[in-house]
Structure formats: structure tokens, C-alpha cells
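Peer 1: First residue of the sequence shown: 41, per my numbering; consecutive thereafter.
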Amino acid sequence: MSGETQAGNGRRFTALILAASRGAADPVAKSEGTSHKCLVDVVGTPMLTRVVETLIASPSIGAIAISIEAPEVLEALAPVAEAVAAGHITVLTSGPTTSASVLRAAEALGNPYPLLIATADNPLLAPGMVEHFCAGSLASDADLSVALASETVVREAVPTAQRTFLRFRDGRYSGCNLYALTREAGLGAVRFWAAAERHRKRPWRLVATFGLGSLVLFLLGWLTLDDAFARASRVMKVRAKVLKMPFPTAPIDVDKPADLALVRQILASGGS
41 MSGETQAGNG RRFTALILAA SRGAADPVAK SEGTSHKCLV DVVGTPMLTR VVETLIASPS
101 IGAIAISIEA PEVLEALAPV AEAVAAGHIT VLTSGPTTSA SVLRAAEALG NPYPLLIATA
161 DNPLLAPGMV EHFCAGSLAS DADLSVALAS ETVVREAVPT AQRTFLRFRD GRYSGCNLYA
221 LTREAGLGAV RFWAAAERHR KRPWRLVATF GLGSLVLFLL GWLTLDDAFA RASRVMKVRA
281 KVLKMPFPTA PIDVDKPADL ALVRQILASG GS
């Protein structure tokens, strides 16, 4: 396993994989008898290994880092451990929250931009998805790009997928666990989210941050997807844009045992 790739556009991304454990309560790790969800076998290959292999096979990726709270866990994944030992993958200690992990990684990596953020529980991630998202992120000239897939695209191909879809005036969309910070300014969104995480038990503070008007329009489904991101950009003081993914399996990650069963079924049948 090697971290060297070729890219056509001259701007290769650093890929950050978030792989920290959710703790003993993680339903997937618990059901599979592992300490970390990222170690769970998916049709012969652990989840994290699948994500790493996908990123290595993606021409837009020039470097890979893994954020995890217990680096020794990676020793159980021979191909990943070998790549780490060879210097092809950087291992970083995660923070107490997702946003803290990203901020810590950005500081440790120095100047990692453009930075692609992915998660270890997305074993259906494929090189085509990565290339589509990276190219679109650079073309948009946004500080932050967020990958979303429409319910229509997902349901047509995977009608049994259990996803959370956010309702907008122009459709319902689910997140794909892919984010791109094309420049350091994108960290403003991460810092904003870090502050929001501190208010998670005081929802009125979140309402005050975004504004009651925006919240009401969102709850009523009166905002288009682009409207919502434009409003969020103004609040965060970051140019944030959405990139719609045409891949039906892009938002299917593994949060619960039912998701794992579906992912295994898709991969066993030759899908991705």
C-alpha cells in the first residue's frame, strides 16, 4: 500500500480520515465485538482499510492522515500499519470532538490545503466520488464545500437506505461525510461548529446564532439548498457551498448494525 498518487490538475488534496471511537456505546463496534467501528470487517476488508485504499487510488489525493484517539489500534490493520511505517500515512491523535480533531489536525499538518475530510465509517466511498468532489470543490472557489446527495438519487438505486434527509424547498438531501477546506479560511466554519457543539445542550443559543428567521424558514422547508448555504456563509463568515453528488451510495455510512448489513449487501453484490 503506497500513498503516492498522480494528479492531473496540479492541486492535490491532503485527506484527513476521522477514525476515533465513539466509545463503548458504539452500536456497530459492540455488535461486531471490536473496540473501534473502523476495525469492523466489511466483505473481507476492514472499514478503515477500504477508505484508505480508496483515497490512495484517487489521483486528487497527495497525502493521507488518520485522526484517532488510540494510534495503536491501527496495528491491527496490516496494510494500514505498513503504510504508516513507510511514511505514506500520518497518524494524529484526535480531539474530544469532531471539530476539535479537525482543528488539531490542521495545526499539526502545517499547511494541508486543500484539505479533504472523510470518515472511517464510509466503506462505500469510491475513487470516482472523491474525484468528483475534489474537482467540484476547486472549481467552486469556495472556502468550504459540503457533499450532499438528493433523496431522489439515493432512493432510485437504494430504496431501503435508512438516511436522514434534510428538507429544502428544492428537495430533500442527505450528507455524504465529505468536506473540503480549499484554503485556511475554511477553518472558520470548523471553529464556528466547535462553538455550536458547546451549545448543544442549550439549543436557544444555536437559534440566536443563526437567527430565528432563518430557523423558521428552514423548519418550514421554505429555503432552497443554495439559500440555506448562503445564509450559513454569512453567519460563519466563510464562503460555503454545497456540491451535489450524483452517486446513490455516497451518503450511506455505517452508524448502526442495519447500515452495516446494507453496506455488506451492496459490496457483496459488486456495488460501491
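We treat Cβ as the ideally placed atom computed from N, Cα and C, and that holds for glycine.
Small disclaimer: the values here were computed from a predicted structure and weren't measured.
Below 8 Å on the Cβ atoms is my contact criterion, and I expect P291 with V68 to pass it. Report the Cβ-Cβ distance as a whole number of Å.
Peer 2: Not confirmed; about 17 Å, so no contact.
Peer 1: According to DSSP, is I96 helix, strand or coil?
Peer 2: helix
Peer 1: Tell me whether A182 is buried or exposed, calling it buried when 16 or more other Cβ atoms sit within 10 Å of its Cβ.
Peer 2: buried
Peer 1: Could you tell me how far apart the beta carbons of M169 and M87 are, in whole angstroms, since I believe they sit closer than 8 Å?
Peer 2: Not quite, the Cβ-Cβ distance comes to about 16 Å (not below 8 Å), so this is no contact.
Peer 1: Quick one: using the 10 Å Cβ neighbour count with 16 as the cut-off for buried, is P199 buried or exposed?
Peer 2: exposed
Peer 1: Are there three or more Cβ pairs, one per stretch, closer than 8 Å when the segment 78–97 is compared with the segment 55–64?
Peer 2: yes
Peer 1: Taking the C-alpha atoms as reference points, what is the distance between G311 and I108?
Peer 2: 28 Å
Peer 1: Thinking L227 and V83 are a contact (beta carbons under 8 Å), I'd like their distance in whole angstroms, please.
Peer 2: Not really, about 36 Å apart at Cβ, beyond 8 Å.
Peer 1: Does DSSP put G48 in a helix, a strand or coil?
Peer 2: Reliability fails at G48, whose pLDDT of 39 lies under 50, so the model's placement of it is uncertain and the value that follows must be treated cautiously. Coil at G48, not helix or strand.
Peer 1: Buried or exposed for G215, going by 16 or more other Cβ atoms inside 10 Å?
Peer 2: Answer is buried; the Cβ neighbour count reaches 16.
Peer 1: Looking only at DSSP bridge pairs, what is L263 linked to?
Peer 2: Looking at the DSSP assignment, L263 forms no beta bridge with any residue, so it has no partner.
Peer 1: Give me whichever residues DSSP pairs with S214 in a beta bridge.
Peer 2: A189
Peer 1: Please go through the same chain and pick out, in chain order, the residues whose beta-carbon is closer than 6 Å to the beta-carbon of S180, but skip the five residues on each side of it.
Peer 2: K281
Peer 1: Measuring only the C-alpha atoms, how far is A225 from I104?
Peer 2: 21 Å
Peer 1: Within this structure, are the beta carbons of A234 and T159 separated by less than 8 Å?
Peer 2: Annotated as distal: A234 and T159, with beta-carbon spacing of 8 Å or more.
Peer 1: So, are the CB atoms of L143 and I106 less than 8 Å apart?
Peer 2: no
Peer 1: What does DSSP give as the partner residues of D81 in its beta bridges?
Peer 2: DSSP output for D81 lists P86 as bridge partner(s).
Peer 1: Would you grab the beta carbon distance between F53 and G102 for me? Rounded to a whole angstrom, and I think it's under 8 Å.
Peer 2: 7 Å
Peer 1: Tell me where the beta strand (DSSP E) around S107 begins and ends.
Peer 2: 101–108
Peer 1: Taking the Cβ atom as the reference point for each residue, do F269 and A189 lie within a distance shorter than 8 Å?
Peer 2: no
Peer 1: Give me the Cα-Cα distance between I157 and P99, rounded to the nearest whole angstrom.
Peer 2: 16 Å
Peer 1: Roughly how many angstroms lie between the CA atoms of L206 and E196, to the nearest whole one?
Peer 2: Taking the straight line from one Cα to the other gives about 17 Å.
Peer 1: Distance, Cα to Cα, R123 vs R279?
Peer 2: The sequence shown places Ala at residue 123, not Arg. Roughly 35 Å between the two C-alpha positions.
Peer 1: Candidates L117, E112, A110, L95: which alpha carbon is nearest V80's?
Peer 2: L117
Peer 1: What's the gap between the Cα of R51 and the Cα of L164?
Peer 2: 25 Å
Peer 1: Compute the distance between the beta-carbons of S139 and V230, then report whether it is under 8 Å.
Peer 2: yes
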